[in-house]
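Quick note, the working numbering runs 685 ahead of the 1-based positions in the sequence shown.
In this text, a Cβ means the ideal position worked out from N, Cα and C, and glycines have one as well.
Every value quoted in this text rests on a predicted model; they were computed, and no experiment measured them.
Report on the following structure.
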Amino acid sequence: MTKITDLQTRYEASTVTDRNIVVEAGAGTGKTTLLISRLCYLMIVKNISVERIVALTFTEKAAAEIKIRLSAQLQKIIKECLSVTQKDKITLELLAHLSKEEIIIRAQRVLEFLERGFISTIHGFCSYILKAYPVEAGISPSAVVDEGQRRETVFKRLWNKWLEEELGGGGPKEEIWKRVLKEINLEDLYNYAFDMAGGKIDAYHPMSHAKVLSGVCFENAKIAEQMSCVFLPPGGKSRKIERALASASIILQEAAFAFKEGKFQKTENPGPEKLSSSDQAKGWDDENFETAVRIVDFARSLYPDRQMLIADAFSLVSPFVNNARDTFEAQGLISFDDLLVKTRTLLKNNLIVRSALKKQFEIIFIDEFQDTDPVQGELLLFLAEEEKSAAKVWNEIKLAPGKLFVVGDPKQSIYRFRGADITAYQLFTELILKQGGMICYLQTNFRSDAQIIDFVNCAGFKLIEERPGFQAKYVPINAKDGAPCDKDAVKDVIISSEQPQSADDYRHNQAEFTAKWIAENAGKLKLSNGSVLQYKDIAVLMRTSNAFNIFTEALKRYGVKYTVEEDKNFYTAQEITDILNLLSLLDNPYDKNALAGVLRSPFGGFNDDEIYQIFKQKFTDISAKKLPKGFERLGGFYKTLNTLKGFVGRISTGALVEKILSSTMFAELSQLAYNGEQTISNLQKFAALAAGDQNENANSLGQFLANSKDLARQARGEGESPLADEFLSAVSVMTIHKSKGLEFPVVFLADMFRQESVKQNKYSYSWFYDMHGLRAGPYADANLAFLEVQQLWHSKSEEARILYVALTRAKEKLFILGNNTETKKTPARHLRNAGLWPELVTVKELPNDKLTHPLQLEYFPYAEPDQFIYKINFTPEDGGVLKNAGEWFNRWAKRSEIYEKIKEEALFISPSSLNKHEAVFAGSSDNAALLGTLCHKMLENYDFKTVITPEQTAASAASLQIEDNDIIKEAAEIINNFTVSEVCKKLASMRVLAREMPFTYFEEGKIISGTVDVIVEQEGEIFVLDYKTDKTPDPSKYALQLGAYKRAVKKIMGNEGVKSGLVFLRTSQLYIIK
């Protein structure tokens, strides 16, 4: 029987009801079991009804787990209430004075009304409060929680309409627009405005914290001035680092005065140069150099020109943002952030609602408190307030004794990117403890081998050093009595090479070791419980998903089944990126970025050298019928693309995606190249989303792509599709963040020599300062510039906690994979500092007085990846295709022959392909095609009356991803000349019936499909017009094309009097074909 050394602490945490309790539960210490014990105690012994208890968790999955385990425990109590083991001592104590009959009655009542309890996520709980008090919260009673897409669709519609008004020319803000668009493109300005309209921001101004920032600038200016000379050698000349600091000091002093005056002014100081690692001059140690870089970067962000540009951008978009917020509210669109902010504001400001909810809920449980958003923490503290109190701010709240029970572990606070704030955790728990609350430490670990626990603690004391506001003190975990202690439980695996190698080559070797070990031990190695190691017992963990493909390729070589779970958004999975590129290319054949992506994808199968030649030779027109010798494969691929393009506009987006997956090898090739069944599952989910979008919104392909790319760019939206068979025995390849809350008998912690970096944020929020910071394109506002400095310290502290989480996932074996190289700026440096990673010498083991056994080391000789990445190291169980390769190749050859014949038969004809000049056009330059496309885009919604401004031209070019200034300039010149011509005036006198009208009709066994540029009517006559950008007008070339347009319009409108014509834009000529 296992002895639990902190049993008394667990008992007190379960049964003390007159004090608020903070439980700090180390990894694997059974916090959920404790939570269930306390719930049982309160509902059975204290007879508190389930409706008056709130239990909040981080995820819906965790909430469901609590319900399941609580239900199971209650049923167990009913069944065996008088037969309690030592393990259930808490249950024995709580039942001691109750009769068997009373226990059963109370337990059954809890089970009966369990679904009435509030065991949910914080968002679910906030949704309940807002639905109960919509008027008081200032929202519509019919408001719905929007997961992002509807809100963005509304925002984008408003944005486009607003841009048309703003960029129409001659407006009062024309000069401001010119200054802003010179430095910040429309897409970045859109993102700036969208972030500003986010639910977390209730009020924003780039100079909102001028007083705080003024003081910060003065302080940093002094430090910069001192550092600019303190490390100079006597009589030495200033080096780049000293010059940069001197310049930064001046800029920061000017910024300090600007904050006092509320406005930045132009400066003659050119500002400091950016520092790189090569600028670390002699005499500068790492810590001081890092400080210098931070100060210089801060000063560069506050350079007056940049902050004046931010002020201009804010003045442009802030009125629009306010209007967008009003529209969201009017339409009842509430984001997840809105749920939190509006609930907090309601409880803070409406004392009647607060009082009612305080009376309604007697007990509040909060799980994973270390990952609680500060706004969540505030609103929960308001609910935990004494009934007669009415504090105005959270830190003045007087808590009701015994109402709060929070469980967390500051060592595992790793979700800062989701809003978690360790500073808030420390301040909230400090408030609880100051008012008589008690803290309980759970330290007995039930998960891991004692050698692993020793290793974790040895690393933990070095990793996690107390720093108020950034890092809590390290509280060790202890192995349970009788836990196994295997000397091989932890092993450093070092890829040893006499010469430095590239990071990816080292990763390939790490992956080879991992896959080989799994292949050799799965199905053979005995675990401590007597079972045999299976694939599902193994996890490969990495800090980021960047190197996943290297490890999954290695697992494939050894025939090891695996699943991939990453923090990346569903829309940024590689197979989803590929299919979005393909759809983008079908929607706009001139999108070169999409073409490059499609060619490089498994579906295209072209390597970088081939793609370089394709673009160099300008063979990027997918409609080209013939290509020179040596490009036959490209020609065949273009035929496939053109076949798919023929479906665009004829069938829905959902049907198009289904057609791609069912009629091509896209899915199969992606499956082989990427993550096996996970890839197929993701593609199936994408097809379902496309079909659902069409059913719900009837969006065009272009709109669907815009929505999908927005979600991908913002790194949010859909999660990866779960595999159809969740019980599949497969190795889990995942990020450390995804592994939190999980445990595996065997863990490989890979890529420990990855260089740590700090991500540049678009938005940041400090709860401590109540400060919102935003980025407009490359420029950070003053708030964000300050917060990014603060985030550097938070990032360092969090990286240590992420490593702690990784180390504590392993139950029986932990492999740490790295190289025999320097550990500077890598996660491995923490282990080396703790004596848990060897110096640059070869030893078999590392003695450490904090470990029961010396740490075991294994050296894996480096090999060039080419020696093993092309080898297959397994044979299919039944021989498979390897037995019947000849027959398989014959079948494939016959199938390919049939497929090629089918591809030769064109199913769809576009009117433009009927033109006599087709062969000439197919071989024409990409620039001519892009020019024509841009001119068409500019005239899509033109009324033939107004002037098209440079800003509108730029917007059209941006929407087509055209960046060539020569093309943009030429298009603007063509259109400007056309808009002042007599032809344009004549068209202005006509009535426009349709623009960009798609059509499809059947004729002589072929499907004719295309788009008419514009249809106008004058005195009862209908004219079908097509825009052309030819340098030399020749209407005869287009007779067949115009004939097809004319027949299409006749079929649609039922009018025999339709005439067709051409508008030559360069020469401003109108030809009507008779």
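Taken atom to atom, the span from the alpha-carbon of N1231 to that of Y1191 is near 14 Å. Assignment of T702 by DSSP, reduced to helix, strand and coil, places it in the coil class.
Looking at the DSSP output, L1226 shares a beta bridge with M1419 and L1434.
Across the structure, C902 and E1483 are spaced so that their CA atoms are roughly 26 Å apart.
In this structure the stretch 910-925 does not lie against the stretch 878-890, because fewer than three pairs of beta carbons, one per stretch, are closer than 8 Å. Here the C-alpha atom of F999 lies approximately 8 Å from the C-alpha atom of P891.
Between the C-alpha atoms of D1171 and A1415 there is a straight-line separation of about 25 Å. Look at K1330 here: in three-state DSSP terms it is helix. With 16 or more other CB atoms across the displayed protein chains lying within 10 angstroms of its CB, Y1547 is buried. With respect to the C-alpha of I706, the residue from K1033, I1099 and L1089 having the closest C-alpha is L1089. Note that the C-beta distance between F944 and S899 is below 7 Å. DSSP places F1054 in the helix class (H, G or I) of the three-state scheme.
From the listed residues T1508, L1267 and E1441, the smallest Cα separation to L1390 is found for L1267. Annotation for M912: the continuous alpha helix (DSSP H) segment containing it runs A895 to V915. Sorting R1732, I1203 and V1748 by C-alpha distance to the C-alpha of E1741 places R1732 at the top. A contact between stretches requires three or more CB pairs, one per stretch, nearer than 8 Å, and the stretch 1111-1125 fails this requirement with the stretch 1497-1516.
Residues A1642 of the same chain have their beta carbon placed closer than 8 Å to that of E1648, with the five preceding and five following residues left out of the count. Distance between N1142 and F1288, taken at the CA atoms: about 48 Å. Note that the stretch 718-725 touches the stretch 758-767; at least 3 beta-carbon pairs, one per stretch, sit closer than 8 Å.
In this structure A792 is buried. Its beta-carbon is surrounded by 16 or more other beta-carbon atoms within 10 angstroms. In the DSSP assignment, the residues bridged to C1125 are V708. Judged by DSSP secondary structure, Y1712 falls within the beta strand (DSSP E) whose first and last residues are E1706 to K1713. According to the DSSP assignment, S1098 belongs to no alpha helix (DSSP H), since it is labelled neither H nor E. Distance between A1239 and T714, taken at the CA atoms: about 35 Å. With distances taken between CA atoms, S1644 lies nearest to Q1388 out of Q1388, L1755 and I729. Per DSSP, the beta bridge partners of R1152 are Q1156. In the three-state scheme derived from DSSP, where H, G and I count as helix and E and B as strand, F1687 is classed as strand. Residue burial annotation: R1494 is buried, with at least 16 other C-beta atoms found within 10 angstroms of its C-beta. In this structure, L1678 sits away from E1704, with a CB-CB distance that is not shorter than 7 Å. Taking one beta carbon from each stretch, the stretch 867-878 and the stretch 987-1001 have 3 or more pairs nearer than 8 Å; the two touch.
Assignment of E786 by DSSP, reduced to helix, strand and coil, places it in the helix class. Close CB contacts of T700 within its chain, under the 6 Å cut and outside five residues either way in sequence, are with Y726 (chain order). DSSP places G1728 inside the alpha helix (DSSP H), whose first and last residues are A1724 to M1738.
In the assembly as shown, K1670 is an exposed residue. Its beta-carbon has fewer than 16 other beta-carbons within 10 Å. Contact check for D1306 against S1286 fails: the beta carbons are separated by 7 Å or more.
If you look at D997, you'll find it in the alpha helix (DSSP H) that goes P989 to A1015.
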